[in-house]
Amino acid sequence: MIEMQDVWKTYPNGTHALQGVSVKIDRNEFVYVVGPSGAGKSTFMKLIYREEVPTKGQISVGGFNIGKLKQRKIPYVRRNIGVVFQDFRLLPRMTAYENVAFAMEVIEAPKKVIKKRVNEVLDLVGLKNKANREPSQLSGGEQQRIAIARAIVNNPSVIIADEPTGNLDPETSWGIMQLLDEINFRGTTIVMATHNRDIVNKMRKRVLAIENGNIVRDQARGEYGYEF
Ligand code: ADP
Ligand code: ADP
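The sequence shown begins at 123 in our numbering and counts up one residue at a time.
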């Protein structure tokens with residue numbers, strides 16, 4: 123599903139964020155990306171959803187060589203990848219329903235299809251009854267559930283989640299983790315960067331540890347491995 127071959131990323135200011143990363147992530151895997159702040163985790167994720175392009179090396183996602191993608195093909199690849207952020211990034215003056223529907227409107231789905239599918243995903247994340255609230259009227263955990271609904275509404279094959287529980291209390295974080303686990307169980311590949319030691323140690327999924335722009339550990343049923 124995702125493959126990197128000798129990927130390097132140097133930012134314009136000269137920072138070497140990734141230094142020769144090679145990795146393969148299969149369809150339907152759930153992968154935690156761990157490591158200290160500044161290690162290169164976000165850069166790793168941004169390269170997958172093509173927010174950044176590699177300085178050197180190859181990245182393919184769902185069969186597309188995304189480093190060399192023609193501009194007009196970018197929307198097709200992005201549609202296949204749902205992204206979830208630590209700070210939710212919902213549109214503030216839109217309701218939960220509208221935030222999720224918007225992701226389908228931009229790909230010009232028919233109104234009827236949108237209505238049916240948005241209600242379906244709002245139900246899946248457990249927030250059908252709060253569809254008409256704006257983000258400011260929802261708790262942090264609920265906002266993240268809406269962000270997840272938005273990420274999955276177009277049926278992507280991959281979800282990239284960059285510290286999705288970073289702003290949430292432990293109990294709410296577990297709810298979000300269970301939701302992502304359910305989405306993975308239904309067939310979506312998930313790559314999640316996290317500092318949540320508890321979650322990583324209890325879930326026992328594949329763990330990639332990144333330090334200084336390199337993958338220094340790749341365990342099948344791994345653990346967090348840091349004290350903080
Ligand atoms: P992490 O997510 O593990 O904290 P990042 O991928 O955000 O790590 O950052 C890796 C390194 O690249 C850090 O030294 C960071 O300061 C640097 N960096 C990240 N984004 C940029 C950018 N847009 N421009 C310059 N340097 C950056
Ligand atoms: P959390 O502890 O998860 O952040 P809150 O205590 O903020 O949760 O919210 C608890 C409940 O109150 C949630 O169901 C949320 O939807 C509702 N709520 C929170 N803030 C508002 C608000 N400004 N207007 C309406 N309902 C709210």
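All C-beta atoms, glycine included, are put in the ideal place defined by N, C-alpha and C. All values derive from a computational prediction rather than experimental measurement.
Through-space distance from residue j to residue i, alpha-carbon basis
{"i": "F152", "j": "I124", "result": "12 Å"}
{"i": "M239", "j": "A231", "result": "Looking at the sequence shown, residue 239 is not Met but Arg. Distance between the alpha carbons of R239 and A231: 10 Å."}
{"i": "K168", "j": "G204", "result": "12 Å"}
{"i": "N187", "j": "V129", "result": "13 Å"}
{"i": "I229", "j": "P278", "result": "13 Å"}
{"i": "G297", "j": "K192", "result": "39 Å"}
{"i": "A225", "j": "Q266", "result": "15 Å"}
{"i": "A223", "j": "Y171", "result": "21 Å"}
{"i": "G136", "j": "T177", "result": "11 Å"}
{"i": "N251", "j": "A218", "result": "10 Å"}
{"i": "T287", "j": "M216", "result": "23 Å"}
{"i": "I305", "j": "K327", "result": "15 Å"}
{"i": "F350", "j": "G184", "result": "34 Å"}
{"i": "Q208", "j": "S159", "result": "14 Å"}
{"i": "I196", "j": "Q180", "result": "16 Å"}
Residue i: CB within 6 Å of a non-hydrogen atom of ligand 1
{"i": "A331", "result": "no"}
{"i": "S182", "result": "no"}
{"i": "G160", "result": "yes"}
{"i": "Y133", "result": "yes"}
{"i": "A273", "result": "no"}
{"i": "S164", "result": "yes"}
{"i": "T316", "result": "no"}
{"i": "T217", "result": "no"}
{"i": "A253", "result": "no"}
{"i": "A139", "result": "yes"}
For residue i, the first and last residue of its enclosing alpha helix (DSSP H)
{"i": "K237", "result": "233–246"}
7 Å Cβ shell around residue i - same chain, five flanking residues per side excluded
{"i": "N336", "result": "Q141, G142, V143"}
{"i": "G309", "result": "N150"}
{"i": "G262", "result": "N289, L290, T294"}
{"i": "V175", "result": "G189"}
{"i": "Y346", "result": "V156, R319, V322, N323"}
{"i": "N276", "result": "R201, A225, M226, I229"}
{"i": "T165", "result": "K131, A139, L140, E174"}
Reference residue i; option with closest CA among the options
{"i": "D284", "options": "P176, A225, V155, E256", "result": "V155"}
{"i": "V243", "options": "V235, M299, I274", "result": "I274"}
{"i": "V313", "options": "V338, E304, L330", "result": "L330"}
{"i": "L213", "options": "Q259, I196, S182, Q180", "result": "Q259"}
{"i": "F210", "options": "E173, V199, G179, E264", "result": "E264"}
{"i": "E256", "options": "Y348, E220, D303, E349", "result": "E220"}
{"i": "D340", "options": "S182, I196, V145, K195", "result": "V145"}
{"i": "P292", "options": "T311, H317, N334", "result": "H317"}
{"i": "T311", "options": "I181, V280, M299", "result": "V280"}
8 Å CB neighbourhood of residue i in its chain, flanking five on each side removed
{"i": "V247", "result": "R267, I268, I270, A271, L301"}
Same chain, Cβ closer than 6 Å to residue i, neighbours up to 5 away in sequence not counted
{"i": "K163", "result": "V155, G157, A315, I332"}
{"i": "I236", "result": "A223, M226"}
Start-to-end residues for the beta strand (DSSP E) that takes in residue i
{"i": "Y154", "result": "152–156"}
{"i": "L330", "result": "328–333"}
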